[in-house]
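Data block below; observations after.
Numbering (the working numbering), first residue to last: 892 to 1176.
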């Protein structure tokens, strides 16, 4: 091989190496973006509280357990919003992706629209609705237990296509999706933020411990903001579980994003207004 030919070979090899060096970071960056973790869990529990602005919960002295114990291990969605006032339309929206014509706190409400429970059951997955102070399983009345139970906060009771047996008094057990609604005092509706925070301290640690061992996800949220000081229905929403990266996230979300996230976890098609949502992103390990 003469010197001219050797020089040409060396130049070609250098050019190829330079090309690989330049391309490698681009490929890696593309892989990072496309490989971002999707929502995932083996069980989901959603606990819903009542009538507090975000600022009355996150960083508030009246919620010491939440701020000292839950916030450090949570993905805190700092730009989370309810969809309506008063309470009931928010519950129905979270459950079915639409307010189903509900504009107040009326009872009874009856609907046969698709909802997250019917989606899960059709996919041979499980749903349980747990309402604290529900007088008995399958109870369909508008109130009970001396006013501590109100059906307006129990959306699955409004849907004729959800088996009544899945409407249960509160005694948490894991399911593909378990909804938990504390009673009218413990959910902060009729009682103080501190009362609700104490309820969390008493009832959430066993759920969090089970989730840590079984890849479960806990979502804590509020139905609506009150007094809605900034007029944006700004509420607190926290996600806790081994699949979540703790931190504060400013993605704009609402109840339909939470619904869409549960659908994504189980590979379910979207329903109603959840179809226009991306779900909660960026928080997943």
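The C-beta atom is built at its ideal place from N, Cα and C for all residues, glycine as well.
A quick note: this is a predicted structure, and the numbers were derived from the prediction, not measured.
Give the C-beta separation of residue i and residue j to the nearest angstrom, bearing in mind that I take them to be a contact with Cβ-Cβ under 8 angstroms.
i	j	result
residue 1114	residue 1133	With 8 angstroms as the limit, residue 1114 and residue 1133 do not qualify as a contact, their Cβ atoms being about 27 angstroms apart.
residue 1006	residue 987	4 angstroms
residue 1117	residue 1074	About 18 angstroms; that fails the 8 angstroms criterion.
residue 1209	residue 935	With the chain covering 892 to 1176 only, the question about residue 1209 has no answer from this structure.
residue 1174	residue 1110	No, residue 1174 and residue 1110 are not in contact; Cβ-Cβ is about 11 angstroms, not under 8 angstroms.
residue 1137	residue 966	6 angstroms
residue 1159	residue 1130	That belief does not hold up - the Cβ atoms of residue 1159 and residue 1130 are roughly 18 angstroms apart, past 8 angstroms.
residue 1112	residue 948	About 10 angstroms; that fails the 8 angstroms criterion.
residue 997	residue 1146	With 8 angstroms as the limit, residue 997 and residue 1146 do not qualify as a contact, their Cβ atoms being about 19 angstroms apart.
Kindly indicate which three-state DSSP category residue i falls into: helix, strand or coil?
i	result
residue 1039	coil
residue 1059	strand
residue 946	helix
residue 1176	coil
residue 1125	strand
residue 936	strand
residue 1111	strand
residue 1140	strand
residue 1154	helix
residue 1087	helix
residue 1132	coil
residue 1149	helix
residue 920	Low local confidence applies: a pLDDT of 26 at residue 920 is under 50, so the model's placement there is unreliable, with the coordinate-based value given in what follows. In the structure shown, residue 920 sits in a helix (DSSP, three-state: H, G or I).
residue 957	helix
residue 1100	helix
residue 1159	coil
residue 1020	strand
residue 1069	strand
At the level of alpha carbons, what is the spacing between residue i and residue j?
i	j	result
residue 929	residue 973	24 angstroms
residue 941	residue 992	21 angstroms
residue 1048	residue 1019	11 angstroms
residue 1063	residue 962	22 angstroms
residue 995	residue 976	8 angstroms
residue 1059	residue 1022	6 angstroms
residue 939	residue 1140	20 angstroms
residue 1144	residue 968	8 angstroms
residue 1029	residue 1164	28 angstroms
residue 1104	residue 1098	10 angstroms
residue 1045	residue 1176	32 angstroms
residue 1072	residue 1014	24 angstroms
residue 1031	residue 1042	8 angstroms
residue 1166	residue 1079	31 angstroms
residue 1157	residue 945	29 angstroms
residue 1169	residue 1052	26 angstroms
residue 1151	residue 1161	7 angstroms
residue 990	residue 1002	10 angstroms
residue 1011	residue 1155	12 angstroms
residue 1004	residue 1135	31 angstroms
residue 1142	residue 1027	39 angstroms
residue 1095	residue 1122	30 angstroms
residue 1119	residue 1009	32 angstroms
residue 1077	residue 1092	11 angstroms
residue 1083	residue 1039	15 angstroms
residue 1016	residue 1090	29 angstroms
residue 981	residue 1057	21 angstroms
residue 1171	residue 971	10 angstroms
residue 927	residue 999	43 angstroms
residue 1102	residue 933	9 angstroms
residue 1054	residue 1061	17 angstroms
* contact_flag[the segment 1035-1049, the segment 1061-1068] where n(CB pairs < 8 angstroms) is 3 or more -> no
* To do: Check whether the segment 1119-1126 touches the segment 954-964, counting contact only when three or more Cβ pairs, one atom from each stretch, lie closer than 8 angstroms.
  => With contact defined as three or more Cβ pairs closer than 8 angstroms, the segment 1119-1126 and the segment 954-964 are not in contact.
* To do: Scan the segment 963-1017 and note each continuous beta strand (DSSP E) run of 3 residues or more that stays entirely inside, going in chain order.
  => Counting only runs of at least 3 residues, the segment 963-1017 fully encloses the following beta strand (DSSP E) elements, listed from N- to C-terminal order: 966-972.
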